[in-house]
Amino acid sequence: MTMTIGLVCPNESPEKRGVKPFLRWAGSKRKQLSRLAPYWSGEHKRYVEPFAGSACLFFDLAPPSAVLGDSNEELIQLYRVVRDSPERLHRRLCRIKRDVATYLRWRNQNPTTLDPETRALRFLYLNRNCFNGIYRTNLQGGFNVPMGKRVGEYFSKEDLLRCSRLLQTAELVAGDFSATLDLVKVGDFVYLDPPYAVLSRRIFKEYGSKLFGTEDMPRFEESLHAIVGRGADFLVSYADCKEARALARKWCSVRLPVKRHVAGFAGDRKTAYEWVISNRQRSTTA
9 MTMTIGLVCP
19 NESPEKRGVK
29 PFLRWAGSKR
39 KQLSRLAPYW
49 SGEHKRYVEP
59 FAGSACLFFD
69 LAPPSAVLGD
79 SNEELIQLYR
89 VVRDSPERLH
99 RRLCRIKRDV
109 ATYLRWRNQN
119 PTTLDPETRA
129 LRFLYLNRNC
139 FNGIYRTNLQ
149 GGFNVPMGKR
159 VGEYFSKEDL
169 LRCSRLLQTA
179 ELVAGDFSAT
189 LDLVKVGDFV
199 YLDPPYAVLS
209 RRIFKEYGSK
219 LFGTEDMPRF
229 EESLHAIVGR
239 GADFLVSYAD
249 CKEARALARK
259 WCSVRLPVKR
269 HVAGFAGDRK
279 TAYEWVISNR
289 QRSTTA
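Sequential numbering of the sequence shown, starting at 9, is according to this note's numbering.
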């Protein structure tokens, strides 16, 4: 069953359930939460997300239990530090100058030489001050995004503490998406929002040695059947492309117009389309 629904307004304010994510993230679904949240119900026992990114749906839903996974080990380490030492992390972050020279000094550090907390601090500082929250590395694995021309205020300590409390309920997994999906069990709700890799282009220009690619699509599709076979539900977000359309025909699906907010020029910030695909219909009360 396929249908197209109206544009998700950039100024739309979804119902407040949890807390805003503390990360900026290219491709974040923050503007679409009111469309995605109705797929979660009180019947679900646990929230699972194998491509966590900024985990904005997790933080919005505030589920009682969760599994968050990502192939980006530094990201998962940051979540561990936010869970365990949020006040110290916030204090250290606010002490760092926000100018180009300081930014480059932190960017040029080799993260593998840093202790776990400082490594997490570096990741968070770069994320909050880089151009448009893009995570991109060079062939050597070094973060190479320039500093943004405009940087907003940091999140409050109180908001980070709220994120920390939610992360207390989450099991954190660093690795391929299959490692997280191996943990799926009866009653789980699995949200999958992989990097949008299509044959002719990259959405969001996001590169890395472990990036999800078109070669992963067959096993990604197999994993959806495995999720249902375990007695769980899934929800997929994916760019409108041939691969997504083929997937959409097999499940309940909705085609959404959305705004891209990553390109550096206003003229490039155009309306695009994404698919929301699930093994079950969303709540009719949304």
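Where is the CB? At the ideal position from N, CA and C, for every residue including glycine. Keep in mind it's a predicted model, so treat the numbers as computed, not measured.
Assigned with DSSP and collapsed to three states, Pro265 falls in strand.
Membership of Phe139 in any alpha helix (DSSP H) is not indicated, and neither H nor E is assigned to it by DSSP. Within the same chain, Phe59, Phe220 come within 6 Å of Pro202 by CB-CB distance, once the 5 residues on both sides are set aside. Counting C-beta pairs with one atom in each stretch, the stretch 65-83 and the stretch 127-136 have three or more that are closer than 8 Å, which means they touch. Shown here for Tyr87: same chain residues with a beta carbon closer than 7 Å to its own, the five before and five after excluded, namely Leu76, Leu175, Leu180 in chain order. When the beta-carbon positions are compared, Val244 and Ser186 stay at least 9 Å from each other.
The continuous stretches of beta strand (DSSP E) do not include Asp92, which lies in the alpha helix (DSSP H) extending over residues 81-92. When the five nearest sequence neighbours on each side are left out, the beta carbons in the same chain lying within less than 8 Å of the beta carbon of Leu191 are those of Val56, Val75, Glu179, Val181, in order along the chain. The straight-line gap separating the alpha-carbon atoms of Ala70 and Gly195 is approximately 16 Å. Residue range 165-175 is occupied by the alpha helix (DSSP H) that includes Leu168, with no beta strand (DSSP E) assigned at that position. Minimum Cα-Cα distance from Ser261 among the listed residues Phe228, Lys28, Arg288 corresponds to Arg288. When C-beta atoms of the stretch 237-255 are compared with those of the stretch 40-48, three or more pairs fall below 8 Å, so the two segments count as touching. Assigned with DSSP and collapsed to three states, Ala70 falls in coil, not helix or strand. Here Leu147 is exposed: its Cβ has fewer than 16 other Cβ atoms, across all protein chains shown, within 10 Å. In the three-state reduction of the DSSP assignment, Leu41 falls in the helix class.
Secondary structure at Asp196: strand, using DSSP grouped into helix, strand and coil.
Lys53 and Ser79 do not touch by the CB rule: their CB atoms are close to 25 Å apart, not below 8 Å. Here Trp33 really is in contact with Gly141; their C-beta atoms are around 5 Å apart, less than 8 Å. Taking all protein chains in view, the Cβ of Leu112 is surrounded by fewer than 16 other Cβ atoms within 10 Å, so the residue is classified as exposed. Distance from Lys28 to Leu65 at the Cβ level is roughly 12 Å; contact not present, criterion being Cβ atoms closer than 8 Å. Straight-line measurement puts the Cα of Glu229 at about 10 Å from the Cα of Ala254. Our two residues, Ala256 and Tyr281, have alpha carbons roughly 13 Å apart in a direct line.
Under a 10 Å Cβ-count criterion, His98 is classified as buried, with 16 or more other Cβ atoms of the shown protein chains found around its own Cβ.
Taking C-beta separations shorter than 6 Å and ignoring five residues to either side along the sequence, the partners of Ser231 in its chain run Leu189, following chain order. Taking a C-beta distance under 9 Å as the contact criterion, Arg136 and Val159 qualify as a contact pair. Short of 6 Å from the beta carbon of Ile104, and not among the five residues preceding or following it, lie these beta carbons of its own chain, in chain order: Tyr133.
Beta-carbon to beta-carbon, Arg96 and Leu264 are separated by about 40 Å, too far to satisfy the 8 Å threshold. By alpha-carbon distance to Pro226, the top candidate from Phe67, Ala252, Val89 is Ala252. Judged by beta-carbon spacing, Pro119 lies beyond the 9 Å limit of Val89, meaning their Cβ atoms are not closer than that value.
Annotation for Phe197: Trp48, His52, Tyr55, Asp241 place their beta carbon closer than 6 Å to its own, counting only its chain and skipping 5 residues before and after.
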